[in-house]
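Before any comments, here is the structure.
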Amino acid sequence: MSLDHTATMSLVSVIIPAHNAGSFLYETISSALAQTWPHVEVIVVNDGSTDATAAVAASFGDRIRVINQPQSGVAVARNRGAAVARGAWLAFLDADDLWLPHKLATQMAAAGDSAHFIYSDRFNIGHFAGLPRVQGDEQYLYEGDIFAEVLAGNVITTSSVLIRRAAFEALGGFSDDPALPPAEDWDLWIRVAERYPLRVCREPLVKYRLHPSSASHNAQRMNRARVAVVERGMRLPAAAALSPRTRRRIWSLTLATNGWDAGRHGKRTQAIDCYLRAIARWPFAMSPYRELVKACVGR
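Each residue of the sequence shown is one higher than the one before, counting from 34 in my numbering.
This is the structure we're talking about:
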């Protein structure tokens, strides 16, 4: 089906990468198809699944487009979906997350004629012990020219992102650097923030599903990926303009986050090491000291 220019400019291409996501995929796709925004296409990229993912996607018939590929990772899957997208806007939806029905309509209204990137707050669902029900209750969601803030930590939920396809393509999409997963999304947001102002919808428009084993399984890998992402970000031209003070604070926040992540998964020695290195980078923040004491006494 061909689309005229007007239809293309209002069309949002929803990209759902799916690897062995059969348990949640039906509900996820349904939430994308239930959007009140009338101009939506849904693209599911089946990334080498061996479960019921392909069958679940096929059950929607021609209401969605399905791409099957050998398992290549989520970055490649998202880029593959973007490559065949017909809309002027791309929205990413992880295969186990859900959208509220007015998610896209709210963001398209916020986009206006000038925005290139809009993200939103989220609800946490599933096993989210230790995290708030609403992300924004504990994490401030920045907007505007916020390169330094995005480099300092990822508060952007991938399933909340709406980005102009032209901007996505100009930046080369998600990197397939093997050092980045599972933080390849954050790497892209940093590169977006270097070039464009970001907008935020402070209303939670996404239900972000946390699994009981996913965080602990990926904790070590996530901590390595954080360092790799910040190292890449520090090599961007915009980072050269940051003051040495700001660069030290960013590294301190990264190391403190790794300490928190290690500590909550029982890696006490690693947590202590991370907090000590965070303090060495920026000794003026109180939080690493408090967390260091907790780690030392085993709390």
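Here a beta-carbon is modelled for each residue, glycine too, at the ideal position from N, C-alpha and C.
Among the bridge pairs identified by DSSP, LEU213 is matched with none. By the neighbour-count criterion, in which 16 or more other beta carbons inside 10 Å mark a residue as buried, MET42 falls on the exposed side. Within the DSSP secondary-structure output, VAL239 pairs in a beta bridge with TRP132, ARG155. Annotation for ILE305: LEU325, ALA328, CYS329 place their beta carbon closer than 7 Å to its own, counting only its chain and skipping 5 residues before and after. Boundaries of the beta strand (DSSP E) harbouring ILE76: 73–80, taken from the DSSP string. The three-state secondary structure of SER147, taken from DSSP, is coil. The C-beta distance from ARG166 to TYR241 rounds to 11 Å, too long to fall under 8 Å, and the pair is not in contact. Close CB contacts of PHE161 within its chain, under the 8 Å cut and outside five residues either way in sequence, are with LEU243 (chain order). If only complete runs of 4 or more residues are kept, the stretch 253–331 shows the alpha helix (DSSP H) at 270–273, 277–297, 301–314, 320–330, in order along the chain. For PRO237 and PRO230, the gap between their C-alpha atoms comes out near 20 Å. As computed with DSSP, VAL107 is found in no beta bridge at all.
The Cβ atoms of ALA311 and ALA258 lie no closer than 8 Å to each other. Each residue's CA atom was taken as its position, placing LEU58 and ALA108 some 18 Å apart. Pairing LEU123 with ILE196 gives a Cβ-Cβ distance under 8 Å. Residues LEU184, ILE223, ALA272 of the same chain have their beta carbon placed closer than 7 Å to that of GLY266, with the five preceding and five following residues left out of the count. Between the stretch 173–182 and the stretch 202–215, the count of Cβ pairs shorter than 8 Å is below three; the stretches do not touch. Of the other Cβ atoms in all chains shown, fewer than 16 fall within 10 Å of the Cβ of GLU264; this residue is therefore exposed. Annotation: the continuous beta strand (DSSP E) that includes ILE100 extends over 98–102. In this structure, the CA atom of SER153 is about 20 Å from the CA atom of SER63. Under DSSP, the beta-bridge partners assigned to ILE48 are ILE76, PHE125. The three-state reading of DSSP puts GLY120 in coil, since its state is none of H, G, I, E or B. DSSP lists LEU231 as the bridge partner or partners of GLY177. Within the DSSP secondary-structure output, VAL167 pairs in a beta bridge with PHE156.
With a cut-off of 8 Å on Cβ pairs, the stretch 79–93 is in contact with the stretch 45–54, counting three or more such pairs. In this structure, GLN68 sits away from LEU126, with a CB-CB distance that is not shorter than 8 Å.
Contact between VAL47 and VAL73 is confirmed by a C-beta separation of about 6 Å, below the 8 Å threshold. Restricting attention to ALA313, ILE151, GLN303, the CA atom closest to the CA of VAL194 is found in ILE151.
Under the 10 Å beta carbon count, PHE317 is surrounded by fewer than 16 other beta carbons and is classified as exposed. Your pair ASP170 and THR191 does not check out as a contact, with CB atoms roughly 20 Å apart and the cut at 8 Å.
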